[in-house]
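Below: one structure, written as structure tokens.
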DNA sequence: TCTTTTTTAGCACAGATGTCTCACGAATGC
DNA sequence: GCATTCGTGAGACATCTGTGCTAAAAAAGA
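Chains as they are written, first to last, in the working numbering: chain A, 26 to 232; chain B, 26 to 232.
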């Protein structure tokens, strides 16, 4: 039989090349040739693992989305498994740790956030990406929703808050912060975004 | 002398064609040929008014940005000129009206927001757009900052709030809401965004 | 009417892109 | 050793892009 190359590994390797190109030069530059060169492969090799460019892009999008949400889900399970802290500051800290996985706070998360943003915007007019975008929306909604639930279940939350409404507001804030930090890193530093998130969470808890 | 065509009008007409193409098919499809076809002009005509594609794009970006901020500034001056309402609800309403100009609440504002978003993201890797993006950032920062000032100057605001911090949080929320409403209009309806904004403003005012 | 200058239109070139096809290479099982 | 099968690479084609250059058309002044 022929040469053995783990196809799944190869596909992820190509996806990583897509990420680097998008991060450096934007999604518009993520042509098959540029991606192949970045991956150190020939054009024919890339096309051997992906029939279309569309298939490659959707795959890369899904990998990027999963990478972000899996990270957040890991932290989330820690939060949900342990007993809820009775202390407000401790609860805030635990929730912030989960949500911070969605923000571009370091190089790795920033790279993911950039790629994520470009794909989401592209999915608006690229019909081959709409399904992946829907799944992404559901995933972030689930993560943020579960964090809000933890906040609300504690007796520390400001009374009268509506969970769905606060989830909506929190998702908006996270998306906006992420966007600003990605587009204007000089004006929106990581510590600033981190602080803004925590201030917002603090405003949801009764003093 | 020759045929009279107001050059500035023509440039804005072409810019409008850019907006329609971007709105329908994304910035990547805004080639000179597509834009010319959308404007009902020949390729050579478009190139007569813009030397480069880069020049056309920067012009369109600036027109889009100005259009949004001028609308908000109009409402803002009304707010600043009149006496501050002593009533919390009235103050909230006046501030909301200004900030709502930055959200895609109707077809016109949605079109502007889409174009704005695409250009901002493109400016990350397109060096010919970074200056325009900087100016845009300053403009929104000024509008939101002045609204926050109005809120803080009233005696109705929650004590202890830091204006700069609240402006940062508010800008983040606005950007995030805008992004969500643009990308997922089915899940983020105008009334919802409007309500979320007002809820946030309400949380800044003491009950 | 003729001239001048703007506006419009078109052709042509080099470069890039997605896709198709085919040939070479390499590793595994017989 | 050899054939089979996957992996790799390269060439070619049609299409689209920005841009440079040239020529026609149109309108206003003389």
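Glycine is no exception: its CB is placed at the ideal position from the N, C-alpha and C atoms.
Handout entry: Proximity test, Cβ basis, 9 angstroms: residue 196 of chain A and chain B
Key = Taking the first chain and counting its residues from 1, one reaches residue 196 of chain A at position 171. Yes, its Cβ sits closer than 9 angstroms to a Cβ of chain B.
Exercise for the section: Please confirm whether residue 219 of chain B and residue 98 of chain B have their CB atoms less than 9 angstroms apart. Expected result: Working through the second chain from its first residue, we reach residue 219 of chain B at position 194. Working through the second chain from its first residue, we reach residue 98 of chain B at position 73. Result no, Cβ atoms of residue 219 of chain B and residue 98 of chain B do not sit closer than 9 angstroms.
Practice task
Assuming residue 84 of chain A contacts residue 75 of chain A (C-beta within less than 8 angstroms), just tell me the rounded distance between them.
Solution key: Here the question's residue 84 of chain A lines up with position 59 in the first chain. Here the question's residue 75 of chain A lines up with position 50 in the first chain. Sure, about 7 angstroms apart at Cβ, within 8 angstroms.
Handout entry: CB-CB length for residue 172 of chain B against residue 101 of chain B, believed under 8 angstroms
Key = Position 147 of the second chain, counted from the start, is the residue given in the question as residue 172 of chain B. Position 76 of the second chain, counted from the start, is the residue given in the question as residue 101 of chain B. Contact flag correct, Cβ pair sits at about 7 angstroms.
Practice task
Leaving aside the five residues before and after residue 226 of chain B along the sequence, list all residues of the same chain whose C-beta is less than 7 angstroms from its C-beta, in chain order.
Solution key: Against the second chain, residue 226 of chain B aligns to sequence position 201. Result list for residue 226 of chain B: 117, 120 and 121, in chain order.
Problem - Cβ pair residue 196 of chain A, residue 201 of chain B closer than 9 angstroms - result: Your numbering for residue 196 of chain A matches position 171 in the first chain. Your numbering for residue 201 of chain B matches position 176 in the second chain. Yes; because the gap between Cβ atoms is below 9 angstroms, this pair is in contact.
Exercise for the section: Return no unless some Cβ of chain A is closer than 9 angstroms to the Cβ of residue 205 of chain B. Expected result: By 1-based counting over the second chain, the position of residue 205 of chain B is 180. So, interface residue.
Problem - Min CB distance residue 170 of chain A to chain B below 9 angstroms - result: Residue mapping note: residue 170 of chain A aligns to position 145 of the first chain, counting from 1. With 9 angstroms as the cut-off, residue 170 of chain A does not count as an interface residue toward chain B.
Problem - At least three beta-carbon pairs within less than 8 angstroms, the stretch 41-51 of chain B to the stretch 63-70 of chain B - result: yes
Exercise for the section: Using a Cβ-Cβ cut-off of 9 angstroms, state whether residue 51 of chain B counts as contacting chain A. Expected result: Position 26 of the second chain holds residue 51 of chain B. Judged by the 9 angstroms Cβ criterion, residue 51 of chain B is in contact with chain A.
Practice task
Might you give, ordered along the chain, the residues of its own chain that have their beta carbon closer than 8 angstroms to the beta carbon of residue 186 of chain B, omitting 5 neighbours on each side?
Solution key: Taking the first residue of the second chain as position 1, residue 186 of chain B is located at position 161. Within the same chain, residue 186 of chain B has close Cβ partners 177 and 229.
Exercise for the section: Apply the 10 Å Cβ neighbour rule to residue 26 of chain B and answer buried if 16 or more other Cβ atoms are within range, or exposed otherwise. Expected result: In the second chain, counting from the first residue as 1, residue 26 of chain B sits at position 1. Unreliable placement is indicated for residue 26 of chain B, whose pLDDT of 47 sits below 50; no coordinate value is reported for it.
Handout entry: residue 182 of chain B (DSSP reduced to helix, strand or coil)
Key = By one-based count along the second chain, residue 182 of chain B stands at place 157. Strand.
Exercise for the section: Quickly, what does DSSP pair residue 230 of chain B with across the bridge? List them, please. Expected result: Looking up residue 230 of chain B in the second chain gives position 205. The partner list for residue 230 of chain B (beta bridge, DSSP) reads B:182.
Exercise for the section: Can you grab the Cα-Cα spacing for the pair residue 109 of chain B / residue 160 of chain B, in whole Å? Expected result: As a working note, residue 109 of chain B is residue 84 in the second chain. As a working note, residue 160 of chain B is residue 135 in the second chain. C-alpha separation (whole angstroms): 29 angstroms.
Practice task
Using a Cβ-Cβ cut-off of less than 8 angstroms, list which residues of the stretch 128-147 of chain A approach chain B; keep chain order.
Solution key: 139, 142, 143, 145, 146 and 147
Exercise for the section: Put residue 89 of chain B into one of helix, strand or coil per three-state DSSP. Expected result: The residue you call residue 89 of chain B lines up with position 64 of the second chain. Note: residue 89 of chain B maps to helix in three-state DSSP.
Practice task
Report all residues from its chain with a CB closer than 6 angstroms to the CB of residue 81 of chain B; omit the five preceding and five following residues, and keep chain order.
Solution key: As a position in the second chain, residue 81 of chain B is number 56, starting the count at 1. Correct list, in chain order: 75.
Handout entry: Neighbourhood of residue 212 of chain A by C-beta distance below 8 angstroms, restricted to the same chain and skipping five residues each side
Key = Locating residue 212 of chain A in the first chain gives position 187, counting from the first residue. Taken in chain order, the residues that qualify are 205.
Exercise for the section: Identify, in the order they occur along the chain, each residue of the same chain with its Cβ nearer than 6 angstroms to the Cβ of residue 43 of chain B, setting aside the five sequence neighbours on each side. Expected result: On the second chain, residue 43 of chain B is found 18 positions in, with the first residue counted as 1. If we look at residue 43 of chain B and ignore the five residues flanking it on each side, its Cβ neighbours are 55, 60 and 85.
Handout entry: Which of helix, strand or coil DSSP assigns to residue 215 of chain A
Key = On the first chain, position 190 is the one that residue 215 of chain A refers to. The answer is helix: DSSP assigns residue 215 of chain A an H, G or I state.
Handout entry: Listed by chain order, chain B residues near residue 246 of chain A by CB distance under 7 angstroms
Key = No information on residue 246 of chain A is available, as it lies outside the stretch 26 to 232 that chain A covers here.
Exercise for the section: Determine the direct distance from the alpha carbon of residue 144 of chain A to that of residue 45 of chain B, and round the result to whole angstroms. Expected result: Against the second chain, residue 45 of chain B aligns to sequence position 20. Against the first chain, residue 144 of chain A aligns to sequence position 119. One C-alpha to the other measures close to 21 angstroms.
Handout entry: chain A within 9 angstroms of residue 152 of chain B, Cβ atoms only
Key = Translated into the one-based positions of the second chain, residue 152 of chain B becomes position 127. Not an interface residue.
Problem - Host alpha helix (DSSP H) of residue 235 of chain A (start-end) - result: A question about residue 235 of chain A goes unanswered here, because the residues of chain A that appear run from 26 up to 232.
Problem - 8 angstroms contact criterion, which residue 169 of chain A and residue 192 of chain A should meet: CB distance rounded - result: Working through the first chain from its first residue, we reach residue 169 of chain A at position 144. Working through the first chain from its first residue, we reach residue 192 of chain A at position 167. Going by Cβ atoms, the distance from residue 169 of chain A to residue 192 of chain A rounds to 5 angstroms, so yes, they are a contact pair.
Problem - Closer than 9 angstroms at the beta carbon, the chain B residues around residue 68 of chain A - result: In the first chain, the residue the question calls residue 68 of chain A occupies position 43. Those within 9 angstroms of residue 68 of chain A in chain B number zero; the least Cβ separation is about 21 angstroms.
Practice task
Determine the chain B residues that contact residue 179 of chain A at a beta-carbon separation under 9 angstroms, and present them in chain order.
Solution key: The residue you call residue 179 of chain A lines up with position 154 of the first chain. Those do not exist, as residue 179 of chain A stays about 19 angstroms from chain B at its closest Cβ, beyond 9 angstroms.
Exercise for the section: Give a yes or no on whether 9 angstroms exceeds the smallest Cβ distance from residue 35 of chain B to chain A. Expected result: The residue labelled residue 35 of chain B in the question sits at position 10 within the second chain. False, the Cβ-Cβ gap to chain A never drops below 9 angstroms.
Exercise for the section: Could you name the residues of chain A that residue 149 of chain B contacts, counting a contact when the two beta carbons are closer than 8 angstroms? Expected result: Position 124 of the second chain holds residue 149 of chain B. By Cβ distance, chain A contributes 51, 139, 207 and 208.
Exercise for the section: Would you give the residue range spanned by the alpha helix (DSSP H) that residue 148 of chain A belongs to? Expected result: Your numbering for residue 148 of chain A matches position 123 in the first chain. Element bounds for residue 148 of chain A: 132-148.
Practice task
Under 7 angstroms Cβ to Cβ from residue 147 of chain B, same chain only, skipping five residues before and after it: list those, please.
Solution key: Taking the first residue of the second chain as position 1, residue 147 of chain B is located at position 122. Within the same chain, residue 147 of chain B has close Cβ partners 52 and 154.
Exercise for the section: Verify the CB distance criterion: does residue 90 of chain B have a CB-CB separation below 9 angstroms to chain A? Expected result: Counting from 1 along the second chain, the entry for residue 90 of chain B is found at position 65. Taking Cβ atoms only, chain A never reaches closer than 9 angstroms to residue 90 of chain B, which makes this a no.
Handout entry: residue 90 of chain A beta carbon less than 9 angstroms from that of residue 157 of chain A
Key = Position 132 of the first chain, counting from 1, holds the residue named residue 157 of chain A. Position 65 of the first chain, counting from 1, holds the residue named residue 90 of chain A. Cβ atoms of residue 157 of chain A and residue 90 of chain A: closer than 9 angstroms.
Exercise for the section: Using alpha carbons as the reference points, say which of A:181, A:223, A:188 and A:33 lies closest to residue 190 of chain B. Expected result: Within the second chain, numbered from 1, the residue matching residue 190 of chain B stands at position 165. Cα-wise, what sits closest to residue 190 of chain B is A:223.
Practice task
For chain A, find out if any of its Cβ atoms is closer than 9 angstroms to the Cβ of residue 160 of chain B; answer yes or no.
Solution key: Translated into positions along the second chain, residue 160 of chain B becomes position 135. Output row for residue 160 of chain B: interface = no.
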